[in-house]
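Enquirer: Structure below; questions to follow.
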């Protein structure tokens with residue numbers, strides 16, 4: 036296993052990092068949160084750069100590199116839901132400029148003489164309120180509906196940048212048959228890896244901000260970062276991030292290479308990201324002291340993005356249960 | 006990034022597997038057990054020599070030193086194949102990995118022939134004299150004194166935790182040769198034969214078992230060591246120390262990966278909580294292998310990042326300890342039994358990690374204490390990886 040970026044990937048990471056630093060600075064995130072600014076121009080930038088076209092499995096590592104940086108920047112666009120939740124459910128039928136969302140449960144499909152009726156309510160759908168198209172997983176297969184066919188209402192969340200929506204399917208009429216060839220399980224692995232690497236990016240941002248703070252904040256006449264109690268927390272945060280990052284990219288790589296360990300890797304990625312955010316949230320906010328406890332400090336965006344991920348697509352504990360089950364099965 | 010190695014590495018692996026299949030000692034020959042890390046039974050000496058002669062002992066070495074000039078990635082798959090079958094290539098691991106390696110890096114040609122080759126061929130065994138009662142994490146404060154007297158050094162002082170010393174033929178010993186210099190700049194290294202007058206070795210048992218005698222106190226009283234036994238430059242011992250511990254550093258994490266692999270196989274979850282902890286073990290094992298292989302790739306590109314290796318040591322050693330404790334928990338009343346066998350018996354290793362659950366747990370502290378404690382690793386990570394100020 037050669038688990039290090041090759042030179043193309045290193046260059047790609049550098050490019051993405053430069054773009055996000057320029058196009059998605061925390062001042063922009065701040066105006067989205069405090070002034071209700073529309074992130075649509077940023078979305079158009081991503082589209083223009085071709086980032087929304089990184090949806091083929093083979094590009095999973097390159098997509099992960101983008102997602103890590105967007106996690107770090109607290110991306111305010113529907114990029115995550117579009118590329119890692121919607122796209123894998125509608126393989127080959129995406130349009131680069133249209134945002135998408137995925138409904139994994141809560142909707143049933145009923146067949147009648149004119150086609151299909153979708154009914155039910157999907158809760159807390161990522162970007163469900165601002166997607167142009169919605170992929171709906173049902174027992175009959177995967178349907179795709181336009182946003183204007185459903186009624187979606189945004190739910191406020193502790194992460195002020197995050198869009199979550201409840202979507203009501205009130206006998207939505209669909210004429211076309213559902214896609215029954217979609218590998219829904221694989222699509223879910225893509226979603227897990229994508230969310231995990233986004234959380235890792237947010238955790239790296241928390242660590243970077245905390246390091247910057249403890250290097251500069253003086254108490255007792257010295258930078259607080261010179262105290263061993265502070266250093267050891269920082270070291271533990273770093274190890275947690277490295278561990279979660281390795282497992283997130285491993286999941287991306289198993290998707291790119293269509294490796295049979297994909298299922299296990301996806302759960303490991305999500306579980307590790309969840310464990311990482313716990314360590315990093317607690318130590319990051321603690322090291323900031325009272326200054327991190329304010330709305331005006333940008334630390335909040337990364338803290339909340341990291342924590343929010345733990346509440347989507349299964350918690351760390353749920354995925355550890357899957358890992359134990361899967362691994363014992365693999366061993367026998 | 007790729008999940009598989011390039012074909013040259015896989016061909017190398019296949020070649021080694023074929024060698025193992027042909028030459029690994031039959032279990033019926035491998036019945037005599039070693040009593041310490043410098044006590045090598047006759048069958049294990051023969052086995053080490055076969056590997057040396059075929060260039061498989063330390064494949065990264067040139068052929069005259071038991072290798073075949075293998076790349077770092079080839080060395081990795083070599084160790085991976087050994088660990089898969091729980092095979093030790095040497096029963097004097099510090100002799101091979103630290104003492105012979107230091108001699109090959111810092112010794113003269115004569116010193117290499119006189120000591121490194123016999124250690125590699127298991128004709129003699131070696132132990133490492135670094136720590137002292139007053140010099141552990143602060144190794145540079147060591148006080149064992151060596152005073153030049155004509156063509157000898159006269160050595161006085163004490164070492165401790167010297168694994169295998171009572172069974173070793175030679176000790177690679179760190180001594181103070183200039184007490185007036187700053188502490189890192191007054192240290193030298195002497196190769197001290199244990200049969201010299203004035204060398205007294207006293208083995209003492211570890212917490213793991215009253216019969217487990219690997220540690221030693223070693224006392225030096227007016228020991229006359231020929232000056233030709235000076236390894237490296239006079240007062241240049243600190244760079245040998247960094248080199249000695251550095252030799253195996255890139256691959257050190259593999260020993261923790263091995264312990265984790267053993268635990269993945271041997272830990273039997275019973276409760277829901279056990280299963281949750283078992284999943285953590287599986288993740289730690291995978292993450293360590295991923296991060297370790299990334300470090301290998303960096304080294305193979307000539308971009309080795311030594312402080313970053315502290316992440317591997319900290320993660321690996323702590324993960325082993327956590328998993329060993331959890332496996333001990335899961336054993337319930339069976340966890341009380343000692344001695345006990347907790348995994349399949351494998352004749353080609355020292356059994357240390359397949360003994361009772363308590364022993365496996367308590368031995369995990371060797372990982373978090375030796376070779377730089379977890380606390381020291383955290384300091385290194387904070388200061389040299391994350392750039393926090395020295396306290």
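Residue numbers (the numbering used here), protein chains in the order written: chain P, 36 to 367; chain B, 6 to 396.
Glycine included, each C-beta is placed from N, C-alpha and C at the ideal position.
Fair warning: this is a prediction, and the values are worked out from it, not measured in the lab.
#1: Excluding the five sequence neighbours on either side, which residues of its own chain have a C-beta within less than 7 angstroms of the C-beta of residue 132(B), listed in chain order?
#2: Would you verify that the beta carbon of residue 35(P) is, or is not, closer than 8 angstroms to some beta carbon of chain B?
#3: Here's the rule I'm using: 16 or more other beta-carbon atoms within 10 Å means buried, otherwise exposed. How should residue 70(P) be labelled?
#4: What does the alpha-carbon distance come out to for the pair residue 295(B) and residue 281(P)?
#5: Starting from residue 41(P), find everything on chain B with Cβ-Cβ shorter than 7 angstroms and list it in chain order.
#6: Does residue 224(P) pass the burial test, meaning 16 or more other C-beta atoms within 10 Å, or should it be called exposed?
#7: Quick check: the Cα distance between residue 120(P) and residue 292(P), rounded to an integer number of angstroms?
#8: Determine which residues share a DSSP beta bridge with residue 164(B) and list them.
#9: Short of 9 angstroms Cβ to Cβ, which residues in the region 262-281 of chain B face chain P?
#10: Pull out every residue of the region 238-262 of chain P whose Cβ sits closer than 9 angstroms to any Cβ of chain B, in chain order.
#11: Would you be able to state if there are at least three C-beta pairs under 8 angstroms between the region 193-203 of chain B and the region 255-272 of chain B?
#12: Name the chain B residues whose beta carbon is nearer than 8 angstroms to that of residue 292(P)?
#13: Could you please tell me which residues of the region 308-322 of chain P, in chain order, have their CB closer than 7 angstroms to any CB of chain B?
#14: Which stretch, first to last residue, makes up the alpha helix (DSSP H) that contains residue 24(B)?
#15: DSSP on residue 130(P), reduced to helix/strand/coil?
#16: At least one CB of chain B closer than 8 angstroms to the CB of residue 273(P): is that the case?
#17: Return the residues of the region 297-310 of chain B that lie within a Cβ-Cβ distance of less than 7 angstroms from chain P, sorted by chain order.
#18: Does the beta carbon of residue 234(B) come closer than 8 angstroms to any beta carbon on chain P?
#19: Under a CB-based cut-off of 8 angstroms, is residue 335(B) close to chain P?
#20: Taking 8 angstroms as the CB-CB limit, is residue 285(B) close to chain P?
#21: Using a Cβ-Cβ cut-off of 8 angstroms, state whether residue 221(P) counts as contacting chain B.
#22: Where does residue 7(B) sit, in a helix, a strand or coil, going by DSSP?
#23: Give me the Cβ distance between residue 191(P) and residue 395(B), rounded to the nearest whole Å; I'm assuming they're in contact under 8 angstroms.
#24: Quick check: is the beta carbon of residue 312(B) nearer than 8 angstroms to any beta carbon in chain P?
#25: When the distance is taken between beta carbons, is residue 367(B) closer than 8 angstroms to residue 212(B)?
#26: In chain order, what residues of the region 97-113 of chain P put their CB closer than 8 angstroms to some CB of chain B?
#27: Run through chain B and tell me which residues come within less than 7 angstroms of residue 303(P), C-beta to C-beta.
#28: By the criterion of Cβ-Cβ separation under 8 angstroms, what are the contact partners of residue 362(P) in chain B?
#29: Between residue 17(B) and residue 106(B), which are expected to be in contact by the criterion C-beta below 8 angstroms, what is the C-beta distance as a whole number of angstroms?
#30: Which of the three DSSP states is assigned to residue 342(B) in this structure?
#31: Is residue 87(P) helix, strand or coil by DSSP?
#32: Indicate whether at least one CB of chain B lies closer than 8 angstroms to the CB of residue 358(P).
#33: Compare the C-beta of residue 367(P) with all C-beta atoms of chain B and state if any pair is closer than 8 angstroms.
#34: How would you write the range of the beta strand (DSSP E) that residue 315(B) sits in, first residue to last?
#35: Taking residue 204(B) as part of the beta strand (DSSP E), name the residues at either end of that continuous run.
#36: Run the CB neighbour count on residue 74(P), radius 10 Å, all protein chains shown included, and call it buried at 16 or more, exposed below.
Expert: By the coordinates alone:
#1: To locate residue 132(B), count along the second chain from 1; it is residue 127. Answer for residue 132(B): 43, 99, 167, 168, 169, 170, 173, 176, listed in chain order.
#2: Any question about residue 35(P) goes unanswered here, given that chain P covers just 36 to 367.
#3: Looking up residue 70(P) in the first chain gives position 35. Burial call: exposed.
#4: Numbered from its first residue, the second chain carries residue 295(B) at position 290. Numbered from its first residue, the first chain carries residue 281(P) at position 246. If I take the Cα positions, the gap works out to 6 angstroms.
#5: The residue labelled residue 41(P) in the question sits at position 6 within the first chain. Under the 7 angstroms cutoff, chain B gives 6.
#6: As a working mapping, residue 224(P) is identified with position 189 in the first chain. Buried, by the Cβ-count rule.
#7: Position 85 of the first chain holds residue 120(P). Position 257 of the first chain holds residue 292(P). Straight-line Cα distance between these residues: approximately 19 angstroms.
#8: Counted from its first residue, the second chain places residue 164(B) at position 159. Bridge partners of residue 164(B): 223(B).
#9: 269, 270, 274, 277, 279, 280, 281
#10: 242, 246, 249, 250, 257, 258, 260, 261, 262
#11: no
#12: Within the first chain, numbered from 1, the residue matching residue 292(P) stands at position 257. Under the 8 angstroms cutoff, chain B gives 7, 8.
#13: none
#14: By 1-based counting over the second chain, the position of residue 24(B) is 19. 12-28 is the extent of the alpha helix (DSSP H) around residue 24(B).
#15: As a working mapping, residue 130(P) is identified with position 95 in the first chain. Coil.
#16: Counting from 1 along the first chain, the entry for residue 273(P) is found at position 238. Yes, its Cβ sits closer than 8 angstroms to a Cβ of chain B.
#17: 298, 299, 302, 303
#18: Numbered from 1 along the second chain, position 229 holds the residue referred to as residue 234(B). No, residue 234(B) lies away from the interface with chain P (no Cβ there is under 8 angstroms from its Cβ).
#19: Within the second chain, numbered from 1, the residue matching residue 335(B) stands at position 330. No, no contact with chain P.
#20: Sequence index remark: in the second chain, residue 285(B) carries index 280 (1-based). Chain P contact via Cβ: present.
#21: Here the question's residue 221(P) lines up with position 186 in the first chain. So, not an interface residue.
#22: Along the second chain, one-based indexing puts residue 7(B) at 2. The answer is strand: DSSP assigns residue 7(B) an E or B state.
#23: Counted from its first residue, the first chain places residue 191(P) at position 156. Counted from its first residue, the second chain places residue 395(B) at position 390. Not a contact, Cβ separation roughly 46 angstroms.
#24: Counting from 1 along the second chain, the entry for residue 312(B) is found at position 307. So no, residue 312(B) is outside the interface.
#25: On the second chain, position 207 is the one that residue 212(B) refers to. On the second chain, position 362 is the one that residue 367(B) refers to. In contact: residue 212(B) and residue 367(B) (Cβ atoms closer than 8 angstroms).
#26: none
#27: For the purposes of this step, residue 303(P) is taken as the residue at position 268 of the first chain. What residue 303(P) touches in chain B: 288, 291.
#28: Your numbering for residue 362(P) matches position 327 in the first chain. The answer, in chain order, is 269, 283, 284, 287.
#29: For the purposes of this step, residue 17(B) is taken as residue 12 along the second chain, with counting starting at 1. For the purposes of this step, residue 106(B) is taken as residue 101 along the second chain, with counting starting at 1. Their Cβ separation, rounded to whole angstroms, is 21 angstroms, which puts residue 17(B) and residue 106(B) out of contact at 8 angstroms.
#30: Stepping through the second chain from its first residue, residue 342(B) is reached at position 337. Coil.
#31: The sequence position of residue 87(P) within the first chain is 52, counting from 1. Correct three-state label for residue 87(P): helix.
#32: Working through the first chain from its first residue, we reach residue 358(P) at position 323. Chain B contact via Cβ: present.
#33: Here residue 367(P) corresponds to residue number 332 of the first chain, with the count starting at 1. Per-residue confidence for residue 367(P) stands at a pLDDT of 40, beneath the threshold of 50, marking its modelled position as unreliable; no derived number is given.
#34: Locating residue 315(B) in the second chain gives position 310, where the first residue counts as 1. Where residue 315(B) is concerned, there is no enclosing beta strand (DSSP E), although the alpha helix (DSSP H) it sits in stretches over 314-335.
#35: For this step, residue 204(B) is matched to residue 199 along the second chain. First-last of the beta strand (DSSP E) with residue 204(B): 204-208.
#36: The count along the first chain starts at 1 and reaches residue 74(P) at position 39. So residue 74(P) ends up on the buried side.
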